[in-house]
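Just so we're aligned, residue 684 is where the sequence shown starts under the numbering used here, counting upward by one.
We put the beta carbon where it would ideally sit given N, CA and C, even for glycine.
Report on the following structure.
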Amino acid sequence: MDEDSEGTEQTEFLMVCETGDIEPFDDYHDAYEALTAAVERDVEKHGEETARESGVIHPYGYTINVMRDGRDVTDDWTWNEPHKPLSMT
């Protein structure tokens, strides 16, 4: 069982791009690594300011949604795991 899930519940981390692309991960660290890589690619391609302002909801336009047994527990994750961010700031 990975360190970022509780009990026997299945936790899934969805890296979401505001353009509608979703990439699922079983591990927080893998999802955050993919988010970081996507942001770095955008910064390299478009520049820091343009990349940062491209997101309407989140800076850079990427976030991680946390699902547990089909329920969205993103808000719970934010409160319980403040040292594990779900977006770039």
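Could you name the residues that DSSP lists as bridge partners for Ile740?
Within the sequence shown, the letter at position 57 stands for residue 740. Ile740 pairs with nothing; no bridge assigned.
For Ala717, which residues from the same chain have a beta carbon less than 8 Å from its beta carbon, with the 5 sequence-adjacent residues on both sides left out? Reading the sequence shown from its first residue, position 34 is the one you call residue 717. Its chain contains Met698, Glu706, Phe708 as the residues whose beta carbon lies nearer than 8 Å to that of Ala717, once the 5 sequence neighbours on both sides are disregarded; these appear in chain order.
Requested in this report: Kindly indicate the opening and closing residues of the alpha helix (DSSP H) around Leu769.
Outcome: Numbered from its first residue, the sequence shown carries residue 769 at position 86. It is not in any alpha helix (DSSP H) - Leu769 carries neither H nor E in the DSSP assignment.
Taking the alpha helix (DSSP H) that Glu723 belongs to, which residues open and close that run? Here residue 723 corresponds to residue number 40 of the sequence shown, with the count starting at 1. From DSSP, the alpha helix (DSSP H) with Glu723 extends over 711-729.
* Pro768: which of Thr702, Arg754, Pro742, Arg751 sits nearest, CA to CA? -> Start at 1 with the first residue of the sequence shown, and residue 768 comes out as number 85. Ranking the options by Cα distance to Pro768, first place goes to Pro742.
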